[in-house]
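Novice: Got a structure for you, questions after.
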Amino acid sequence: MIWARRSVGTLVTWYGRHGIASCTLALLALVGCGSRSDEGSEEPTVAPAPTEAVVEDKGPVCAGEAPQGGVHVLRGGGFQLPGGAGVQYAEARAYGTTREATLREGVRYHSGQRQWKLGPGAQVTVSGHTYTVRQICSYRVVLEPRTAEDRTALAAPPKSMESAGSPADASLCFTTNQDVLAAAAAGFPAKGKFLALVANGGVQRFPTGLSLTVSYVDTGTGTAGIAANCAAVQVAAYENVHVGDPVEFAGVLFKVSALTEESVRLTRTSS
2 MIWARRSVGT
12 LVTWYGRHGI
22 ASCTLALLAL
32 VGCGSRSDEG
42 SEEPTVAPAP
52 TEAVVEDKGP
62 VCAGEAPQGG
72 VHVLRGGGFQ
82 LPGGAGVQYA
92 EARAYGTTRE
102 ATLREGVRYH
112 SGQRQWKLGP
122 GAQVTVSGHT
132 YTVRQICSYR
142 VVLEPRTAED
152 RTALAAPPKS
162 MESAGSPADA
172 SLCFTTNQDV
182 LAAAAAGFPA
192 KGKFLALVAN
202 GGVQRFPTGL
212 SLTVSYVDTG
222 TGTAGIAANC
232 AAVQVAAYEN
242 VHVGDPVEFA
252 GVLFKVSALT
262 EESVRLTRTS
272 S
C-alpha cells in the first residue's frame, strides 16, 4: 500500500507536467504492473486472425488455345466422331486461372456412360480414337484428333450441302470442313449484328441443319436457356446464361446481349 501511495503521488506530479494523455498511459502501465495472485490467472485471449471471405472464382472464359481444324464440342451437347463414336461436354468447372471439363462418352446421354474429368493438354480415347484437349471454355471444349486419318475424316466434304432435316445431316453438323462451316456462318447475321430468338418455344432453322430454341427465360433471375439441335442430336444446351455470356453455334461465336419475356437476343462477335 505504501508503494501504491508513493506511485500515485509521483503520478500526480508527473501529470501536472505532461497532461492528461500521458497520465492515462501511465495509469494503464501502473495497473498492468500489479502483482499476480498466487492462484494464477488465465492467459490473455488472442483474437483470431481475420478470415477473408471466400469468393467463388469463375476463372477465365477459356483455358488453352484452339487449333485450326479442332473439334468443337459445345456445352451440354454431343458431337459425333469418326467411327460412329461420340462425346458430350457434360459439365464445366473453373479453378482461378484454369478450367476443367467433364466429358461423357456417346453422342447422346444414356445412364452408365463413361466420363472423364480433364484439363487442357489431357488426352481422351473414345472408341479407340484418341484426342487431345486443347481448349476448355465455359461454352465449348476443343479436341484435336491425334491421327491424320481422323483429321481427314472430320474434314471430308459432304455429299450435299443441302440439309435434309434429319440424321442424314451428320456430315453437315459434325465436321471441321471449312466449306460447311463457311456456309453455316453465312446463315447468321453479320458480325456485330444480332440474332433474336423468340421465347415461345418456336424453332429457328438454319441452312446446314442447325435449329435453335429458347427453352426458357426467367427475367427475375436474368437467366435463359438455349438449346441447339442438328442431325437429330442435341449439340448444345446452354442453361442459366446471363447477358454478356458467350455462346457458340456451328463455329460462330455470339454474346447474349438482351433477355426479355419475349425473346433472347444474341450479338455475333466472330467473323
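Just so we're aligned, residue 2 is where the sequence shown starts under our numbering, counting upward by one. Beta carbons are placed, not taken as given, at the ideal position from N, Cα and C, and that holds for glycine.
1) Please report the distance separating the alpha-carbon of G83 from that of C63.
2) Three Cβ pairs or more, each shorter than 8 Å: is that satisfied between the segment 237 to 244 and the segment 164 to 183?
3) Once the 5 residues before and after R205 are set aside, which same chain residues still bring their CB inside 7 Å of it?
4) Suppose you measure from the CA of R152 to the CA of K194; what does that come to, to the nearest Å?
5) Does the beta-carbon of A228 have 16 or more other beta-carbons within 10 angstroms, so that it is buried, or is it exposed?
6) Tell me C231's beta-bridge partners as DSSP assigns them.
7) Can you tell me the Cβ-Cβ gap for T103 and G60, rounded? I've got them flagged as a contact below 8 Å.
8) Answer with buried or exposed for G202, where buried requires no fewer than 16 other C-beta atoms within 10 angstroms of its C-beta.
9) Along the chain, where does the beta strand (DSSP E) containing S216 start, and where does it finish?
10) Assign L75 to one of three DSSP states: helix, strand, or coil.
11) Looking at the secondary structure, which residues open and close the beta strand (DSSP E) in which R141 lies?
12) Which runs of the beta strand (DSSP E) spanning at least 3 residues fall entirely within the segment 94 to 133, listed in chain order?
Specialist: Inspection of the coordinates gives the following:
1) Taking the sequence shown and counting its residues from 1, one reaches residue 83 at position 82. Taking the sequence shown and counting its residues from 1, one reaches residue 63 at position 62. Inspection of the sequence shows that residue 83 is occupied by Pro rather than by Gly. Their Cα atoms are separated by approximately 26 Å.
2) no
3) Within the sequence shown, numbered from 1, the residue matching residue 205 stands at position 204. Just to set this straight, residue 205 is Gln in the shown sequence, not Arg. Excluding positions up to five away in sequence, the list reads L198, S212 and L213.
4) Numbered from its first residue, the sequence shown carries residue 152 at position 151. Numbered from its first residue, the sequence shown carries residue 194 at position 193. Distance between the alpha carbons of R152 and K194 is about 33 Å.
5) For the purposes of this step, residue 228 is taken as residue 227 along the sequence shown, with counting starting at 1. Burial state of A228 is buried, judged by a 10 Å Cβ sphere holding 16 or more other Cβ atoms.
6) In the sequence shown, counting from the first residue as 1, residue 231 sits at position 230. C231 is bridged to V234.
7) Stepping through the sequence shown from its first residue, residue 103 is reached at position 102. Stepping through the sequence shown from its first residue, residue 60 is reached at position 59. Incorrect: roughly 15 Å between the Cβ atoms, too far for contact.
8) Translated into the one-based positions of the sequence shown, residue 202 becomes position 201. The residue in question, G202, is exposed, as its Cβ has fewer than 16 Cβ neighbours within 10 Å.
9) In the sequence shown, the residue the question calls residue 216 occupies position 215. Segment S212 to D219, the beta strand (DSSP E) holding S216.
10) Here residue 75 corresponds to residue number 74 of the sequence shown, with the count starting at 1. If DSSP states are grouped into helix, strand and coil, L75 belongs with the strands.
11) On the sequence shown, residue 141 is found 140 positions in, with the first residue counted as 1. From DSSP, the beta strand (DSSP E) with R141 extends over R141 to P146.
12) 99 to 106, 116 to 119 and 124 to 127
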